[in-house]
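Here is the structure we will look at.
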Amino acid sequence: MCTLRNLLEKNKQWSERVKSSDHNFFIDTAGHQNPEYLWIGCSDSRVSATNIVDVQPGEMFVHRNIANIVLDTDPGCLSVIQYGVQVLKVKHIIVCGHYGCGGIKAVINDDVEGVISVWLQTVRDLYIENKDKINVFSNPDARADLLSEINVLKQVENIYKTEAVQKAYRSGQELYIHGWIYDLKTGTIKDLNICIAQ
Ligand SMILES: [Zn+2]
Numbered sequence: 242m243c244t245l246r247n248l249l250e251k252n253k254q255w256s257e258r259v260k261s262s263d264h265n266f267f268i269d270t271a272g273h274q275n276p277e278y279l280w281i282g283c284s285d286s287r288v289s290a291t292n293i294v295d296v297q298p299g300e301m302f303v304h305r306n307i308a309n310i311v312l313d314t315d316p317g318c319l320s321v322i323q324y325g326v327q328v329l330k331v332k333h334i335i336v337c338g339h340y341g342c343g344g345i346k347a348v349i350n351d352d353v354e355g356v357i358s359v360w361l362q363t364v365r366d367l368y369i370e371n372k373d374k375i376n377v378f379s380n381p382d383a384r385a386d387l388l389s390e391i392n393v394l395k396q397v398e399n400i401y402k403t404e405a406v407q408k409a410y411r412s413g414q415e416l417y418i419h420g421w422i423y424d425l426k427t428g429t430i431k432d433l434n435i436c437i438a439q
């Protein structure tokens with residue numbers, strides 16, 4: 242199956258639908274982007290960034306990876322943060338983890354190998370550091386959910402420490418970093434209320 246006819250057809254219908262409510266939408270947005278938000282989330286197909294906060298193309302700059310991790314050794318993520326902060330001048334960076342995260346569960350259950358295991362090492366470190374608090378729960382899902390929250394807090398801290406963000410704060414740029422968790426079972430987001438602000 243070399244042509245994904247179903248997706249291409251859906252795309253055609255979607256673009257027609259957008260144009261029917263705003264004739265110049267694509268012409269107006271093609272020349273520039275001016276998003277207010279940078280989203281850093283998990284790659285999980287159920288946590289589709291722009292869908293779950295119901296924003297239009299052009300409103301949100303997005304980076305996603307397994308378990309929404311920000312590493313100071315990952316040029317992909319750091320480039321997105323740098324571009325978002327320095328060039329697009331986003332006002333908000335949102336780290337959004339989610340309950341039921343496969344990456345987090347894999348760490349809790351010690352059930353991961355290969356390159357994904359390497360990628361998840363910092364989450365494993367977090368689990369080890371917070372084991373007493375997390376293992377209060379006997380249910381592995383509850384353990385994973387708490388580790389998901391702890392992981393978001395850590396990534397907010399990691400973003401705060403990046404060169405691009407520190408430079409922005411030094412220059413007085415308005416920038417807020419938020420930590421959120423999405424609940425797959427309800428479709429709702431919980432704000433972890435750890436906003437860092439300039
Ligand atoms: Zn996930």
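Add 241 to the 1-based position in the sequence shown for the numbering used here, that's all there is to it. The C-beta atom is built at its ideal place from N, Cα and C for all residues, glycine as well. Every value quoted in this text rests on a predicted model; they were computed, and no experiment measured them.
Item                                                                                                                                                                        : Value
My assumption, with CB atoms under 8 Å, is that asparagine 309 sits in contact with valine 336. Please give the rounded CB distance.                                        : 6 Å
Using the beta carbon as the reference atom, which residues fall closer than 6 Å to any heavy atom of ligand 1, ordered along the chain?                                    : Cys283, Asp285, Ala308, His339, Cys342, Gly343 and Gly344
Can you tell me which residues form a DSSP beta bridge with alanine 438?                                                                                                    : Tyr417
Considering only residues of the same chain and omitting the five flanking positions on each side of isoleucine 437, which have a CB-CB separation below 6 Å?               : Tyr401 and Ile418
Which residues in the same chain as arginine 365 place their Cβ atom closer than 6 Å to its Cβ, once the five residues preceding and following it in sequence are excluded? : Val348
Candidates Asp269, Val326 and Glu250: which alpha carbon is nearest glutamate 404's?                                                                                        : Val326
What is the DSSP secondary structure of lysine 278, counted as helix, strand or coil?                                                                                       : This sequence places tyrosine at residue 278; lysine is not what is there. Three-state result, tyrosine 278: strand.
Just mark arginine 384 as buried or exposed, buried being the case when its beta carbon has 16 or more other beta carbons within 10 Å.                                      : buried
Which same chain residues, not among the five before or five after valine 353, have their C-beta less than 7 Å away from its C-beta?                                        : Ala347 and Leu361
Report the residue from Arg287, Ile307, Asn275 and Tyr368 whose alpha carbon sits nearest the alpha carbon of histidine 333.                                                : Asn275
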